[in-house]
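Below: one structure, written as structure tokens.
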Amino acid sequence: MTIFGGFITGGTVSTDPGDATRLVFSGIVINGAGGAAAGDTFSAGGYQVPIASIDGTGAATLVYAFPVALDDVSAYAIARDSADRYNPAATNLLVRQYFSRVGDPGITYTVPDNADGPDEQIISDPQEGQKAIRYLPLPWTTWLYTEGAWVEQPGAPGGPGADGATWLVQDAEPTTDYPPNSLWLDTDSAGLDVYELSGSPLDWVSLGFGLKGEQGNPGTPGAPGDDGTDGLGVPAGGTTGQVLAKASDTDNDTQWIDPPAGGGDIAGDTHAASSKATPVDADEIPLVDSAASWGLKKLTWANLKATLASWLVSAGWIREALAANRTYYVRTDGSDSNNGLLNTSGGAFLTVQKAINTIVSKLDLAGYTVTIQLADGTYTNAFGFSAPWTGGGQIVIQGNATTPSNVLVSVTSANAVYNTGTLPGQLTVKDMKLQSTTSGVLLLNSGVGLIVFSNLVFGSAANSGHIVASGPAARITGSGNYSITGGGTTHNESVYGGLILINGVTVSISGNPTFGSAFAFSWRTGVIDIYGNTYSVTGSVTALRSSAIEGGGIVTGGQPASSYPPGNANGTTASNGWRT
């Protein structure tokens, strides 16, 4: 294998006769260290197609079939431009994972090394208690978001602390067989002295303090009690461990009895009992109830687990792991102070971004699906992902399936729906209308991952495109029919290796839209695959039908550039652009 900078060449390559998306290499091994990876770009004969995966035999599977058949071709190159190597969002994620391991799981954002600190452009919607870090230039600097402002924190993040005590021994003089740092409470000493197992060889060393305080002053003697009518005094007899009990309900006689089962000295009985390494849900733990005159109650192991889990989630120490699919509701009369779990004004969120932030910061999806349901109305706040959620699964953001225009996302000088981070699963957007004024892309993926859309209405995109995929790992797929009612610079635009895939759907176009650059515009190795679609136009479309430049490609399944996709000027290619 020969590597020239960011490219791999050598040997020959052929198309697998049984699978047009699979490439077989001869005389070269492309897998392994320094080899090709998913997201790299394969180029030959003037065509470029992203690599989906590399298998153990060193064969490459492409995102879609290579436009021409290859047979022992040596003039090829693999561009090592996968986002796994260069994507800054992935780098930032590794930094945050590192700080989680060294004891500061609160690190949520990273700040570029050319920024003085976090601001509105870097972090658009910070939450109370979140943290940010700038790891270049050294030393690291951290900030805490509190009371509406980012406050710089002293010092750099520290490492994990030393191990604490391993055992707490309450006994007479114990042996030195316990682990180092164990503590011994000398119950035979007057002051309940405390010792630590340390030194070499190990020995019990006094820590210089005890747990028993000084004795207080005597209390005031109480008044004498009333004499009983009979049976006064302690009865004779009895054996070690027995207790006095009232002999009957009709007099004051007492008698010696054995402690009742489960009663007596709870602390002593518990200490003397045998241990159980793995409790089960039905096991019971004694509890002294402060709200019931310190009476004795019991708590099951199941109760204890549930109570601790709920507290840890509410306190923000751990994420809530889903055990089923979940829906968050967003309404124009909701509030971001609600929990989003009820479809009422007192339960729903006000903004989609609040629902997204809740998912990213508080949930472990555990493979399940979270749906964000928008009620009918107009929403003027953009929303999207700049950080990944946890636990795989997928996110669905949806509006009104019957009348998508009833849910209007209308923004000013902003990208309406976007991903700039790394999506750990599929993001679906459907059943709503998108539009922008002044500027703003309607559906943008400039990060890593897949956005799927259907049943959308694309309105006007002022000085911007409708659907834009930018970056070698940015993917947008149209999975169902949709509509266009307004224009923009482009309808489909792919750049820097991005991929837009919309096949076999019906696109309804009305309102006489105009697209200033082209209806479909692919440049700088971007690819737009719009094979097999039906464009139903009411009125006219003013646009160059397609434009492919600087290695960009348009896939139409052989449709003529003079009629497909819609427009009033034939499609063109230039500067190594291609169209099939």
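Numbering-wise, the sequence shown is residues 551 to 1130 according to this note's numbering.
We put the beta carbon where it would ideally sit given N, CA and C, even for glycine.
Distance from the Cα of Val1105 is smallest, within the candidate group Leu1049, Asp803 and Thr611, for Leu1049. Counting only runs of 4 or more residues that sit fully inside the stretch 854-934, the alpha helix (DSSP H) segments are 902-912, in chain order. Within the stretch 935-987, the runs of beta strand (DSSP E) at least 3 residues long that lie entirely inside it are, in chain order, 944-948, 957-962, 967-969, 977-980 and 983-987.
CA-CA distance, Ser996 to Pro668, rounds to 21 Å. For Ser963, the number of other beta carbons within 10 angstroms of its own is below 16, and it is reported as exposed. The residues Pro785, Ala795 and Ala797, in chain order, have a CB closer than 7 Å to that of Gln805 in the same chain once the five nearest residues on each side in sequence are set aside. Residue pairing of Phe1003 in beta bridges, as defined by DSSP: Val979 and Gly1028. Taking the Cβ atoms as the reference, Ser1044 lies roughly 15 Å from Ser1014, outside the contact range of under 8 Å.
Separation of the CB atoms of Ala629 and Ser593 is rounded to 7 Å, and the pair is thereby assigned contact status at 8 Å. When Ser1060, Ala874, Asp738 and Pro676 are compared, the shortest CA-CA separation from Thr1092 is found for Ser1060.
Excluding residues up to 5 positions away in sequence, Ser1033 and Ser1086 lie with their Cβ nearer than 6 Å to the Cβ of Ser1058 in the same chain.
Looking at the DSSP output, Ala795 sits in a beta bridge with Gln805. Spanning the alpha carbons of Ser1067 and Gly1009 requires a straight line of approximately 17 Å. Between Tyr1081 and Gly1107 a beta carbon distance of about 4 Å is seen, short of the 8 Å cut, so the two are scored as contacting. Selection Glu723, Asn731, Leu752 and Pro730 evaluated against Asp743 yields Glu723 as nearest (Cα-Cα).
The stretch 612-629 and the stretch 1111-1125 do not touch, with fewer than three beta-carbon pairs separated by less than 8 Å.
Every alpha helix (DSSP H) of 4 residues or more that sits fully in the stretch 555-639 is shown, in chain order, as 633-636. Around the beta-carbon of Asn1118, fewer than 16 other beta-carbon atoms lie within 10 Å, marking it exposed. Counting every other CB atom within 10 Å of its CB across the protein chains shown gives Ile807 a total below 16, marking it as exposed. At a Cβ-Cβ threshold of 8 Å, Pro1110 and Thr591 do not count as neighbours.
The DSSP-derived three-state label of Gly818 is helix. Distances from the alpha-carbon of Phe575 to those of Thr562, Pro567, Ala586 and Asp566 put Thr562 closest. Secondary-structure assignment with DSSP links Ala1019 through a beta bridge to Asn995 and Ser1044. By the CB criterion at 8 Å, Ile683 and Thr692 fall inside the cutoff.
Judged by DSSP secondary structure, Arg684 falls within the beta strand (DSSP E) whose first and last residues are Lys681 to Arg684. Comparing C-alpha distances from Met982 to each of Ala1012, Pro567 and Asp926 shows the shortest one belongs to Asp926. Excluding five sequence positions before and after Gly1030, the CB atoms of its chain that fall closer than 7 Å to its own CB belong to Ser1004, Asn1005 and Val1055, given in chain order. Less than 8 Å divides the Cβ of Gly1038 from the Cβ of Ala1011. In the displayed model, Ala852 falls within a helix according to three-state DSSP. Note that the stretch 893-902 does not touch the stretch 858-869; fewer than 3 beta-carbon pairs, one per stretch, sit closer than 8 Å. Distance from the CA of Leu913 to the CA of Asn875, rounded to the nearest whole angstrom, comes to 12 Å. Put simply, the backbone Cα of Gly1028 is about 19 Å away from that of Thr921. Judged by beta-carbon spacing, Gly897 lies within the 8 Å limit of Asn889, meaning their Cβ atoms are closer than that value. Rounded to the nearest whole angstrom, the CA to CA distance from Gly949 to Val910 is 21 Å. If you look at Glu723, you'll find it isn't in any beta strand (DSSP E); DSSP assigns it neither H nor E. Of the candidates Arg1095, Lys848 and Ile578, the residue whose Cα lies closest to the Cα of His1041 is Arg1095.
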